[in-house]
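First comes the structure, then the notes that go with it.
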Amino acid sequence: MKLWLPKSHAFMATPLAFRSIRRACFASSGLKWEGGVSMVQGASRGIGLEFVKQLLEKNDKGHVIATCRNPNGATGLVDLKNKFAERLNIMPLDLTIESTIEASAKFIREKYGSLNLLINASGILSIPNVLQPETTLSKVERSSLMLAYEVNAVGPILAIKHMWPLLKAGGGFGTERDVAVVANLSARVGSIGDNHLGGWHSYRSSKAALNQCMISSAKFPWHAFLDLWLQFIIFNCSLIISTSNEMLHYCMSTFNTFLSATWQGICRGHRCLRFDTIHACEVCLFSLFGPSNAQATDGLCKGHAWCPETQAYPEVFQPMTKTVSVEFARKRDPIICILLHPGTVDTDLSKPFQRNVPDGKLFTKEFSVQQLLSIINNAKSHDNGKFFAWDGQEIPW
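For the sequence shown, this note's numbering gives the first residue as 65, with consecutive numbering after it.
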C-alpha cells in the first residue's frame, strides 16, 4: 500500500500526523476483524462466562478469546464454542503461571495481530479449607493474604503486561470506541474511602491492590528510562533503605511503611512490562510484615506514582488500575484502563454470603454483565483510571 504525502510546505510531518497515517493504514488493513477482538480472562463460569456469551451474542462480527485454567472442564465455554466455532477461541491460562499468559498473548498476536478489549474477570474470595474472608484481624494469615494477592492483584497486571502491545496495536479499531479498553473487575470493598465495615482483610486489600497497580507508572514521562531497584534491609524491627540520586517516597497508608527507590536492589517494578510475580510478592511481604514506624507523604492514587509493585501493597493498595492508566495516558497509547464493580451477583463466589444481601441487591449475572458492557462500550478517553459501579456511578478510591 503506497502512501501519498503532499509536497506543500504547509504539511507538517509531526508525530501526530504520522500517527494518524499509521492508524488509517491499520484501519484499512484490519477490516476483517470488524467488530473487534476481545479477551476475557477468567471465563470458565460466573461473570466471566457471561461476558463471553454476551460479547458473542450482541456483536455478530466480534471475535472473543476466552481463557481459564482448565478449558476441558469448562462446559459452559465448550457449549459456546459449539455455537460460535468461528469467533470463539478458548485458551488455557493460569494467573499463577506467567508462561501461560505469554502463550495466550502469542496466540492472539499470530492469529489477530491486535486486541481491542481485555476483561480481567477472575477473582477469589473463599476456598473451602484454604481461604475464608477474615471477620477479625486475629484470623489473618500470611498464606491467605499471599494467595489473594497473587490471584486478585498480581495476576491481572501480568495479563495486562503481556497484552499491552496487542491493545496498543488495536486501539478502538473495529469497535465504536476510539480506544482499546482494559476492564478490571474489582469490588466496592476494595475502595478505601468507602470502607465502613472493616473485615475481609485479604479480599479487600487485594482488590485495593488491583486498583492501585492500574496511576503511578506514568506520572513522569521519563520514568521509563530509569531502572529503579529497591533495596530492603530489615534489622531489629526497623526498615533501612539506601538511596542514590532522587529519593522517591511511598505512603503505605495503613502500615505507614517508608520506602525509597535506589539504583540497586531487588525490585524493578517501575514499568508495566517489567512487572513480575516474584518481585511483587517480595514487596508485599516486606510491606505487610515489616515495621510500621516510618512514614512518607506520597504514593496515594492522587499523588505521584512510580512502582506498581511497591504502591500496590499493602493499603497503598489504592488504585493498581490507576497505575497502568497513567502509563497509558503518558505514552499516549490508544488504551484506557477502568475498574468495574459488578454489584453482588448470584454466582458461586457470593453464594456463602448471600443471606446478608438486601432485597433487590442480588443481581443475576445477565443483568450485571449487561450493565458493565454498556459502561465498556461507551467508555471514552477521559474515563481512563476511573472506578465505576454497575449503574455507571463513580466509586471513590
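Note that the Cβ used here is the ideal one computed from N, Cα and C, for glycine as well.
Practice problem: Kindly provide the ranges of any alpha helix (DSSP H) runs that are 4 or more residues long and lie completely inside the segment 144 to 218, ordered along the chain. | Solution: 162 to 175 and 206 to 213
Exercise. Tell me whether residue 444 is buried or exposed, calling it buried when 16 or more other Cβ atoms sit within 10 Å of its Cβ.
Key: Counting from one through the sequence shown, the residue named residue 444 turns up at place 380. It counts as exposed.
Quiz prompt | Residue from 130, 146 and 158 whose Cα sits closest to the Cα of residue 115 | solution = What you label residue 115 is simply residue 51 of the sequence shown in a count that begins at 1. If we check each option's Cα against that of residue 115, 130 comes out closest.
Quiz prompt | Identity of the residue in 164, 434 and 388 nearest residue 450 by Cα | solution = The sequence position of residue 450 within the sequence shown is 386, counting from 1. Checked all of 164, 434 and 388; the closest Cα to residue 450 is 388.
Quiz item: What is the DSSP secondary structure of residue 494, reduced to helix, strand or coil?
Solution: The chain is shown only over 65 to 461; residue 494 falls outside these bounds and no answer can be derived.
Exercise. Consider the Cβ of residue 232: report whether some Cβ of chain D lies at a distance smaller than 8 Å.
Key: The structure shown contains no chain D; it is built from a single protein chain.
Self-check item: Enclosing beta strand (DSSP E) for residue 105 [first to last residue]
Solution: Position 41 of the sequence shown, counted from the start, is the residue given in the question as residue 105. First-last of the beta strand (DSSP E) with residue 105: 101 to 105.
Quiz item: So, helix, strand or coil for residue 458, using DSSP?
Solution: Here residue 458 is taken as the residue at index 394 of the sequence shown, counted from 1. In the structure shown, the three-state DSSP call for residue 458 is strand.
Quiz item: Rounded to the nearest angstrom, how far is the Cβ of residue 460 from that of residue 249, given a contact under 8 Å?
Solution: By one-based count along the sequence shown, residue 460 stands at place 396. By one-based count along the sequence shown, residue 249 stands at place 185. Not really, about 18 Å apart at Cβ, beyond 8 Å.
Self-check item: Inter-residue spacing [alpha-carbon to alpha-carbon] between residue 229 and residue 423
Solution: Walking along the sequence shown from the start, residue 229 turns up at place 165. Walking along the sequence shown from the start, residue 423 turns up at place 359. Those two C-alpha atoms are separated by around 44 Å.
Practice problem: Leaving out five residues on either side along the sequence, give the residues of the same chain with a beta carbon under 7 Å from the beta carbon of residue 446. | Solution: Mapped onto the sequence shown, residue 446 falls at position 382. Correct list: empty, nothing qualifies.
Quiz item: Using 8 Å as the threshold, is the segment 217 to 236 in touch with the segment 169 to 178, meaning 3 or more CB pairs across them?
Solution: The segment 217 to 236 makes contact with the segment 169 to 178; the number of CB pairs closer than 8 Å reaches 3 or more.
Quiz item: Would the beta-carbon of residue 120 fall within 8 Å of that of residue 144?
Solution: Here residue 120 corresponds to residue number 56 of the sequence shown, with the count starting at 1. Here residue 144 corresponds to residue number 80 of the sequence shown, with the count starting at 1. It is a contact, given that the beta carbons lie within the stated cut-off.
Quiz item: Smallest Cα separation from residue 410: which of 243, 435 and 110?
Solution: For the purposes of this step, residue 410 is taken as the residue at position 346 of the sequence shown. Nearest option by C-alpha distance: 110.
Quiz item: When the Cα of residue 448 is compared with those of 164, 426, 398 and 437, which residue comes out closest?
Solution: The count along the sequence shown starts at 1 and reaches residue 448 at position 384. When each option's Cα is compared against that of residue 448, the closest is 398.
Exercise. On a CA-only basis, which of 242, 102 and 141 is nearest residue 396? Give me that one, please.
Key: Along the sequence shown, one-based indexing puts residue 396 at 332. For the residues 242, 102 and 141, the minimum Cα distance to residue 396 belongs to 242.
Exercise. Starting from residue 433, follow its DSSP beta bridges and name the residues at the other end.
Key: Mapped onto the sequence shown, residue 433 falls at position 369. DSSP lists no partner for residue 433.
Exercise. Over the uninterrupted alpha helix (DSSP H) stretch that includes residue 116, give me the two end residues.
Key: Taking the first residue of the sequence shown as position 1, residue 116 is located at position 52. Residues 110 to 122.
Quiz item: For residue 142, which of 113, 216, 159 and 438 has the nearest alpha-carbon?
Solution: In the sequence shown, residue 142 corresponds to position 78, counting from 1. Among 113, 216, 159 and 438, the Cα nearest to that of residue 142 is on 113.
Quiz item: So, is residue 186 buried or exposed, given that buried needs 16 or more other C-beta atoms within 10 angstroms?
Solution: One-based indexing of the sequence shown puts residue 186 at position 122. It counts as buried.
Quiz prompt | Environment of residue 372 [buried if 16+ CB atoms lie within 10 Å] | solution = The count along the sequence shown starts at 1 and reaches residue 372 at position 308. With a pLDDT of 38 at residue 372, under the threshold of 50, the modelled position of that residue is not reliable, and the figure given next carries that caveat. The residue is buried, with at least 16 neighbouring Cβ atoms inside 10 Å.
Exercise. Drop a sphere of 10 angstroms on the beta-carbon of residue 163, count the other beta-carbons inside from all chains shown, and report buried for 16 or more, exposed for fewer.
Key: As a working mapping, residue 163 is identified with position 99 in the sequence shown. Residue 163 is exposed by the Cβ-count criterion.
Quiz item: Quick one: what's residue 248 bridged to in DSSP?
Solution: Within the sequence shown, numbered from 1, the residue matching residue 248 stands at position 184. BP columns for residue 248 point to 184 and 403.
Quiz prompt | First and last residue of the uninterrupted beta strand (DSSP E) at residue 127 | solution = Looking up residue 127 in the sequence shown gives position 63. That run of the beta strand (DSSP E) goes 127 to 132.
Exercise. Would you kindly work out how many angstroms separate the C-alpha atoms of residue 421 and residue 427, rounded to a whole number?
Key: One-based indexing of the sequence shown puts residue 421 at position 357. One-based indexing of the sequence shown puts residue 427 at position 363. Roughly 10 Å separates the two Cα atoms.
Quiz item: Counting along the chain, where does the beta strand (DSSP E) carrying residue 453 start and finish?
Solution: Position 389 of the sequence shown, counted from the start, is the residue given in the question as residue 453. 451 to 453 is the extent of the beta strand (DSSP E) around residue 453.
Quiz item: When every heavy atom of the ligand NAD is checked, does at least one fall within less than 7 Å of the C-beta of residue 390?
Solution: Absence of the ligand NAD from the depicted structure is noted, as is the absence of any ligand whatsoever, leaving it without description.
Practice problem: Compare the C-alpha of residue 442 against each of 212, 244, 132 and 393 and name the closest. | Solution: Locating residue 442 in the sequence shown gives position 378, counting from the first residue. For residue 442, the nearest C-alpha among the options comes from 244.
Practice problem: Return the chain-ordered list of same chain residues with a C-beta closer than 7 Å to the C-beta of residue 456, the five sequence neighbours on each side being excluded. | Solution: As a working note, residue 456 is residue 392 in the sequence shown. Closer than 7 Å at the Cβ level, and outside the excluded window around residue 456, lie 439.
Quiz item: What residues are listed by DSSP as bridge partners for residue 427?
Solution: Here residue 427 corresponds to residue number 363 of the sequence shown, with the count starting at 1. DSSP, once it has assigned bridges, lists 409 as partnering residue 427.
Exercise. Measure the alpha-carbon distance for residue 161 versus residue 222 and round it to whole angstroms.
Key: To locate residue 161, count along the sequence shown from 1; it is residue 97. To locate residue 222, count along the sequence shown from 1; it is residue 158. Taking the straight line joining both Cα atoms gives about 10 Å.
Self-check item: Cβ pair residue 126, residue 102 closer than 8 Å
Solution: On the sequence shown, position 62 is the one that residue 126 refers to. On the sequence shown, position 38 is the one that residue 102 refers to. If you check the CB distance, residue 126 and residue 102 come in under 8 Å.
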